[in-house]
Each structure stands twice: as structure tokens, then as C-alpha cells.
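Residue numbers for the sequence shown, in our numbering: 3 to 413.
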Amino acid sequence: MDDVPAWAVRLRAERRGKLWTQREMAKRLADAADGRTRARFPERESLTRMIKDWEAGRHQPKDPYRVLYCRVFGMDESELFGDDPDSMPPGSTHLGGDEIEALELARRVAASDVGAETLDRMESAVDDLATAYPGTPPAELLNRVREHLSYVSHLFDAKKTISEHRRLLTVGGWLSLLASTCHIDLRQFRAATTWLQTASQLAEHAEHPEIAAWCLETEAWRAVTTGDYRRALALSQGAQTVAPRGSSAYIQATAQEGRVWARLGAGPETRDALARVDRLVSPLPMPDSPEHHYRYDPTKRDAYVATTLSWLGDPAAESYARQVLGRLETVAGGPPRPRRAVSARLDLALALIAADKPDEAGQVTLTAVTSGSLVPSNYWRAREVISAVEAHRVPEAVELREAYRELIGPQ
């Protein structure tokens, strides 16, 4: 392995991370080609052998295959084929890691190809990663998720029972979904789409409707971040149709529907969705891991209400946002949740604009922008408030705009 170039290792890791065989990779490359290029493609078996040679590092693929690889993986050419692993951009594949070594050691000790103990540990790892999501930079978490996905791909080649196979499909589905969410946070939309498709396929094979519903809800959130509200509405309603009623995915999709209605300025529909969320959440106990991204924590309700009402322009948003922010910033409120706090500040700032308090809105937004916890998928929310502060000619608007430009860098 030491003499295999870094780019070859990445080609194999990216493929395995998506749970594709080399033959499936050949099909994906062919599907990504335009008509003229596809007409000159070799037969599937020949292309599969070429992929095997590329992944072994015997020689680099040339165009058009380099371009097609980048298109399929949703990565830049320098990111995928660069030889210096230290120069790889945030979010690129990083192999190895103590977590994976521990899992492999436990599997060998159990003297099983897969086995219940390995699957138990993999499921526990999924929960740990989903719980780490709110407090971990998305690029950092994505590296860990990819390591686990590569290991899941490795386990698919091992002997296992039908039940073990289904559990492994489910683990792969959750990990693929989390990888897509991290890519959305980084605004790497092509890669996010690929992972969502993989998660959806695994959910179908595993017959797991909750993962399938989360895929639709996640795609709805991406549509919100790009301003495609009608599509976001259809996706969030579709997620409710797929999800088991009362499940975390069902509640989240309902809350997402309310936020979309708010962006569309539909007051009655927004309040109806909020009322439905309230009825669903009120009987819920506090989960063991309230930070788990895929388990609906009842305390999230107030945060979603604050966001929804601030988007609707409802005066009540200010009170909700202050309460949420106050709870997040106290020791009694639980462990630090910096990303939730940033979101609450943006909600509060937007509500303050509506309440004709632009000076405080500017100060709150500046704190959010300079916090180091604002992820790219929420830049648009900060930009929205900054534009409103500038329209009020607040003296601090210049400093706020400069801080925002420093945050996003050259675009």
C-alpha cells in the first residue's frame, strides 16, 4: 500500500465510500458521459479492468475519464487527483483512524466475518457521529463519516446472514445521509446529491422508511437554502407521506413544511404546521441523546418556532429567539451547542429588524458572523440580515459587511 499514489487511494476510497463495485463504477462513468463521448467508450468489462489499474496506481486516468470521475464524485480535479494529501481541501477523504482500527480489531477478535458484535459497534458509531453533528465542523465530521463508509463497503464483501445484511444496509444508509448533510452544510451540492441517492437506495434495499423520509427532508432543506421554496414544500410534504407517523423524520418534515410556508408568506398554513408539530412533540419524552441529529428533541421545537416566526415576520419571534438563545448559553441548558446558538442569533436579528431595532440586530449578527460556528449553508441567512441592517443605515453596517466578506473569503 505504501507505493500506491495518494490519488489512486482516493479513487478507491471514494468508490468504496459510495458502496459501488468496480463494475458499478464503470456504469457510473458511462452514464456521466455525453452522447459523443459515450459512443467511444470501451465495453463494460474493459472499463472495469481500467478502473482496477487506476485504483492500483499503475497509471492515472486521462481525459475524458478524469473529468467524468470528478463529475461522478462531485469533486474538483485538484482535490481528486492531487498527490499531496496535506493539500487536500476540507472535506476530502482521509483514510485510517483509531475508530476504524478499533472496529476491525473487535471484528477479528469475535472471529466472525461480520457478526452481531461488529454491527452493534457500527450502529453505536452511527449514533456517536449523529450526536457529534451539532458541535463538529462539517468538514471534520465528513472525514470521520467517510472512514466509516469505507469500512461498511469493506464489510459488504464479507459473509453474513440476511438479517446482518439488512442491518449493514441500514448503517450505510444513515452514514450516507449524514455525509450528504455535511456536504450541504459545505454547499457542495453535487456530492450531496450523490450521497442522498446512495442513502435512498440503501433505505429501499433495507426497507427502512424513516431513512427514506429523512432523505426527502434533507433535500427539502437544501432547496430552502437555495430559495426553491415550492420544491422544498413538495419534498417536506412527501417526507411526511413516507415517514412512520410520529417518528422523528415525520416531526422534522412537518416543522420543515412550516418554515417553507413562512418563506412563502403564508400565515395560516405556517401556523397550522406549527400546531401540528406542537401536537406531535408535546407527549414526547426527552431522548437519551438530545443532540442526535436524527432524533427529535422536544426542546428543538422552540428553536424551530423562533426560526419560522422570524421568517414570517411575526412579532412573537423576538421573544422565542431570546428564550432559545438564553437557554443555549446557560450551563443548565446542557452542553455547548454553538451552531444552534448561531441559528438563534440570526433568528433574533431578523426579528429585531421587524421590530425596528436595527442597531441591536447588527450587533447580534456580528456576533454570529464572527463566532466561527456559522456553516456555509447558513451564509444566506446572515446575508439577508446584513442587507436589512445596511438598508437602515446603521453605523456598524460597514464593519458587519467586512466581517461577512472575511468569513466567506473570495467567492
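The beta carbon of each residue, even a glycine, is placed where N, CA and C say it ideally should be.
Nothing here was measured: the structure is a model prediction, and the numbers come from that model.
Per-residue DSSP class, three states only, for residue i
i: K161; result: coil
i: F75; result: helix
i: M288; result: coil
i: A356; result: helix
i: F83; result: helix
i: F191; result: helix
i: G93; result: Note on G93: pLDDT 36, under 50, position unreliable in the model; the coordinate value appears next. In the structure shown, G93 sits in coil (DSSP, three-state: anything other than H, G, I, E or B).
i: T372; result: coil
i: K20; result: coil
i: V69; result: helix
i: L266; result: coil
i: G364; result: helix
i: A245; result: coil
i: L107; result: Reliability of the predicted coordinates at L107 is poor, the pLDDT of 49 falling under 50, and no value is obtained from them.
i: G117; result: helix
i: Q62; result: coil
i: V173; result: helix
i: D274; result: helix
i: E166; result: helix
i: D230; result: coil
i: G240; result: helix
i: A112; result: Unreliable positioning characterises A112 in this predicted model, as indicated by a pLDDT of 48, which lies under 50. A coordinate reading is not provided.
i: G411; result: coil
i: E259; result: helix
i: P7; result: coil
i: E320; result: helix
i: V377; result: coil
i: E293; result: coil
i: D88; result: Per-residue confidence for D88 stands at a pLDDT of 41, beneath the threshold of 50, marking its modelled position as unreliable; no derived number is given.
i: T196; result: helix
i: T309; result: helix
Neighbourhood of residue i by C-beta distance below 7 Å, restricted to the same chain and skipping five residues each side
i: A241; result: A215, L218, E219, A222, A251, A255
i: R110; result: Reliability fails at R110, whose pLDDT of 47 lies under 50, so the model's placement of it is uncertain and the value that follows must be treated cautiously. Closer than 7 Å at Cβ, skipping near neighbours: no residue.
i: L157; result: V116, L170
i: G364; result: V391, V396, E398, A399, L402
i: A405; result: L368, V371, T372
i: S379; result: I186, D187, R189, T227
i: R407; result: none
i: L70; result: L31, A34, A35
i: A245; result: P211, E212, A215, A251, Y252, A255
i: E331; result: A343
i: D159; result: none
i: T272; result: G260, W263, A264, T310, L314
Element boundaries [alpha helix (DSSP H), containing residue i]
i: D299; result: No alpha helix (DSSP H) holds D299; DSSP gives it neither H nor E.
i: Q24; result: 24 to 34
i: G315; result: Per DSSP, G315 belongs to no alpha helix (DSSP H) and is neither H nor E.
i: T220; result: 211 to 227
i: D55; result: 46 to 57
Cutoff 8 Å; reference residue i; Cβ partners in own chain excluding five residues on either side
i: A58; result: V6, A10
i: Q239; result: A255, E259
i: R403; result: I388, E392
i: L131; result: L143, R146, V147, H150, L177, L180
i: E166; result: V116, G117, A118, L121
i: A225; result: Y231, R233, A234, L237
i: G248; result: L282
i: V129; result: Val is not the amino acid found at residue 129; the sequence shown has Asp there. Taken in chain order, the residues that qualify are S291, H294.
Close-in-space but distant-in-sequence residues of the same chain around residue i (CB under 6 Å, 5 per side omitted)
i: L282; result: I253
i: A194; result: S182, H185, I186
i: R60; result: none
i: E362; result: L354
i: V366; result: R347, L350, A351
i: T172; result: A208, H210
i: L286; result: P300
i: R25; result: T50
Whole-angstrom C-beta distance between residue j and residue i, which should lie under 8 Å
i: L170; j: V147; result: About 16 Å; that fails the 8 Å criterion.
i: R265; j: Y298; result: Their Cβ separation, rounded to whole angstroms, is 21 Å, which puts R265 and Y298 out of contact at 8 Å.
i: T243; j: W382; result: T243 to W382, Cβ: 28 Å. No contact.
i: S178; j: A201; result: 4 Å
i: V344; j: L376; result: 5 Å
i: P63; j: A35; result: Incorrect: roughly 13 Å between the Cβ atoms, too far for contact.
i: M27; j: I53; result: 5 Å
i: A356; j: G315; result: 5 Å
i: T133; j: E293; result: 5 Å
i: G267; j: I213; result: About 32 Å; that fails the 8 Å criterion.
i: T301; j: R261; result: Rounded, the Cβ-Cβ distance is 17 Å, inconsistent with contact.
i: K29; j: R46; result: 7 Å
i: D280; j: R303; result: 7 Å
Report the residue ranges of all beta strand (DSSP E) runs contained in full by the region 120 to 157; include only those spanning at least 3 residues, in chain order. none
Could you tell me which uninterrupted alpha helix (DSSP H) segments, each at least 4 residues in length, are contained entirely in the region 381 to 405, listed from first to last along the chain? 381 to 393
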